[in-house]
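Since the structure comes first, as structure tokens, the remarks are kept for the end.
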Amino acid sequence: MLSLQSMDDGYRALVIGASGALGTAFCERLREDPRCATVRELGRASTPRIDLEDPASIAQAAAELSAEGPYQLILHSAGLLHRSGLQPEKCLAALEADALHAVFQVNALGPALVLRHFLPLLHARGTMAFLSAKVGSIGDNRLGGWYAYRASKAALNMLVKTAAIELARSRPQACLLSLHPGTVISRLSEPFRGATLARPAQQAAADLLSLIDRLGPAESGGFFAYNGERLPW
């Protein structure tokens, strides 16, 4: 049974994007932890609701949960790679303004507002982690393509890094992270070739929680893979 020893006994956890494959797995794993007192789930169908394409809902959800905090663990697991009418681009000729805006809204602009409104709800010794993606690494980009997704995740990494610098001034014992979960069995990965190598969401969630348990303020602002590898920007 996974138990986060870096967290206080009776810690509170918050999962944003709780209805997705990894979000659901995070909630299940955290509820198994005897040290975890409560797990609050947020998503488009929760109460309060949060929709990354509706900025007002982000601020409203944080305001409604302010009295419930602080949370010692906040996980942001929402993201967008594809949906009806929107697919990763294979070339520049496939770029469309509406698709770019939608992907950036969910993967970067929405999370920026999550940082603004939810970071104040983080415990002074807490950890907030955002699911990023290795394909968002500029230094590791060898294949090209997937313009919107790559660029939006790179933007997310910069937002997390910048917010971590500010966070260290007011709460030096807190930790803010960008994490790559690997390829996970989910609706997000299903249409793509790499899905054949995907891991179950429960395993991915366990790997990421174990990693969070090992990382601390010294690693705040970092970009890590689920196996602990520090990824290049």
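Just so we're aligned, residue 1193 is where the sequence shown starts under my numbering, counting upward by one. The beta carbon of each residue, even a glycine, is placed where N, CA and C say it ideally should be.
{"Check": "Sorted by chain position, which residues of the same chain lie with C-beta nearer than 8 Å to L1351's C-beta, five sequence neighbours on each side aside?", "Outcome": "A1300, P1303, A1304, L1307"}
{"Check": "Below 8 Å on the Cβ atoms is my guess for V1327 versus K1353; work out the distance and round it to an integer in Å.", "Outcome": "Contact doesn't hold; Cβ gap of about 17 Å is too wide."}
{"Check": "Of all the options L1194, A1255, G1331, which has the alpha carbon lying nearest to the alpha carbon of E1220?", "Outcome": "L1194"}
{"Check": "If you compare alpha carbons, which of F1218, Y1203, D1200, R1204 is closest to A1398?", "Outcome": "F1218"}
{"Check": "Helix or strand or just coil, what does DSSP make of G1413?", "Outcome": "coil"}
{"Check": "Measuring CA to CA, which of Q1395, L1323, V1376, G1374 is closest to G1413?", "Outcome": "L1323"}
{"Check": "Indicate whether H1268 and G1212 have their beta-carbon atoms separated by less than 8 Å.", "Outcome": "no"}
{"Check": "With burial defined as no fewer than 16 other Cβ atoms inside 10 Å of the residue's Cβ, what is the status of E1281: buried or exposed?", "Outcome": "buried"}
{"Check": "Please determine, among L1371, V1295, G1374, the residue with the shortest C-alpha to C-alpha distance to L1340.", "Outcome": "Reading off the sequence shown, one finds Ala at residue 1340, where the question assumed Leu. The candidate whose alpha carbon is nearest that of A1340 is V1295."}
{"Check": "May I ask you to list the residues that DSSP assigns as paired with R1422?", "Outcome": "F1416"}
{"Check": "Is the Cβ-Cβ distance between H1309 and I1357 less than 8 Å?", "Outcome": "no"}
{"Check": "Give every residue of the same chain whose Cβ lies closer than 6 Å to the Cβ of H1315, excluding the five residues on either side of it in the sequence, and list them in chain order.", "Outcome": "P1262, Q1264"}
{"Check": "Does the count of Cβ pairs from the stretch 1230-1240 and the stretch 1271-1281 closer than 8 Å reach three?", "Outcome": "no"}
{"Check": "Take Q1394 and list the residues in its own chain whose beta-carbon comes closer than 8 Å to its own, dropping the five residues that flank it on each side.", "Outcome": "A1217, E1220, R1221"}
{"Check": "From P1312, V1298, A1366, L1407, pick the residue whose C-alpha is nearest to that of A1259; which is it?", "Outcome": "P1312"}
{"Check": "Using a beta-carbon distance below 8 Å, is A1294 in contact with chain B?", "Outcome": "The displayed structure is made up of one protein chain only, and chain B is not part of it."}
{"Check": "Looking at C-alpha atoms only, which residue of T1239, A1255, Q1197 is the closest neighbour of C1228?", "Outcome": "Q1197"}
{"Check": "In terms of DSSP beta bridges, what is M1320 paired with?", "Outcome": "I1266, L1368"}
{"Check": "With a 10 Å radius around its C-beta and 16 neighbouring C-beta atoms as the bar for buried, classify P1373 as buried or exposed.", "Outcome": "buried"}
{"Check": "Specify, as a first and last residue, the run of the beta strand (DSSP E) that I1208 falls within.", "Outcome": "1203-1208"}
{"Check": "I'd like the list of long-range same chain contacts for R1363, defined as Cβ closer than 6 Å, with 5 residues on each side in sequence excluded.", "Outcome": "A1316"}
{"Check": "If you draw a straight line from the C-alpha of P1424 to the C-alpha of S1370, how long is it?", "Outcome": "12 Å"}
{"Check": "Is DSSP giving E1358 helix, strand or coil here?", "Outcome": "helix"}
{"Check": "Taking Cβ to Cβ, would you say V1376 is nearer than 8 Å to R1391?", "Outcome": "yes"}
{"Check": "Excluding sequence positions up to five away, which residues of its chain have a Cβ less than 7 Å from the Cβ of G1331?", "Outcome": "P1424, W1425"}
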